[in-house]
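So that you can map any letter, position 133 of the sequence shown is 141 in the working numbering, and since no number is skipped, the others follow by simple counting.
Below is one structure; the comments refer to it alone.
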Amino acid sequence: MITISLRPVGRYWGTISFASTLYLCPILDLLLTDIPAKLQSELRLGLQEALVNAAKHGNNLDPGKSVVVRFSLVDNQYWWIISDQGSGFTPSLEGDSDPDDYLPPDEAESGRGMSLLHQIFDQVKWNRKGTELTLCKQLESRRLLSLRR
9 MITISLRPVG
19 RYWGTISFAS
29 TLYLCPILDL
39 LLTDIPAKLQ
49 SELRLGLQEA
59 LVNAAKHGNN
69 LDPGKSVVVR
79 FSLVDNQYWW
89 IISDQGSGFT
99 PSLEGDSDPD
109 DYLPPDEAES
119 GRGMSLLHQI
129 FDQVKWNRKG
139 TELTLCKQLE
149 SRRLLSLRR
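Pasting the structure below:
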């Protein structure tokens, strides 16, 4: 089941909540509805990786646990806050850590997704418990033409 709330919360944050699953196409379509076409593919890849991590590694694909995504456009920045109900992990405090550090040794190959997140998004932050991921993508701002000479 997918629950969607687009009513204003704070600074107009929408919310999507869904049971842990890897069937993410409808979720991604909803999250990317208002994203400019030139950013769609890149952000789809990044958001898919983040949602897979929450459902698979966070909630262990337990359909009784939910993934919640809050999203907004604030001051030319797209924001997504993705929360799971898992036991969490200890996120590294340093930005240049090895992405394999986040996963058990038998799943280290999957850790390359963490690296992808840092390449796609301008900000990637986890809460202390490791159950909530905040992602930000800055829109290119147009330079205003100067009328002075």
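In this text, a Cβ means the ideal position worked out from N, Cα and C, and glycines have one as well.
Remember, predicted model here, so these are calculated numbers, not experimental data.
- Counting along the chain, ILE128 sits inside the alpha helix (DSSP H) bounded by residues 120-128.
- Counting the other Cβ atoms within 10 Å of the Cβ of ASP92 gives 16 or more, which makes it buried.
- The shortest C-alpha to C-alpha distance from VAL76 to any of TRP21, ASP83 and ARG120 is the one to TRP21.
- The beta carbon of LYS137 lies closer than 8 Å to those of GLY96 in the same chain, with the five residues before and after it left out.
- Residue pairing of ARG78 in beta bridges, as defined by DSSP: THR23 and ILE89.
- The three-state secondary structure of SER13, taken from DSSP, is strand.
- Secondary structure at LYS145: strand, using DSSP grouped into helix, strand and coil.
- Contact annotation: GLN85 and GLN146 have beta-carbon atoms nearer than 9 Å.
- The Cβ atoms of LEU143 and TRP88 sit closer than 9 Å to each other.
- Counting C-beta atoms within 10 angstroms of its own C-beta, ASN67 has 16 or more neighbours from the protein chains shown and is therefore classed as buried.
- If the five residues before and after THR11 are omitted, its C-beta is found closer than 6 Å to the C-beta atoms of SER25, all from its own chain and listed in chain order.
- Counting only residues of its own chain and dropping the five nearest sequence neighbours on each side, LEU40 has a CB closer than 8 Å to the CB of GLN48, LEU51, ARG52 and LEU55.
- Distance from the CA atom of LYS133 to the CA atom of MET122, rounded to whole angstroms, is 11 Å.
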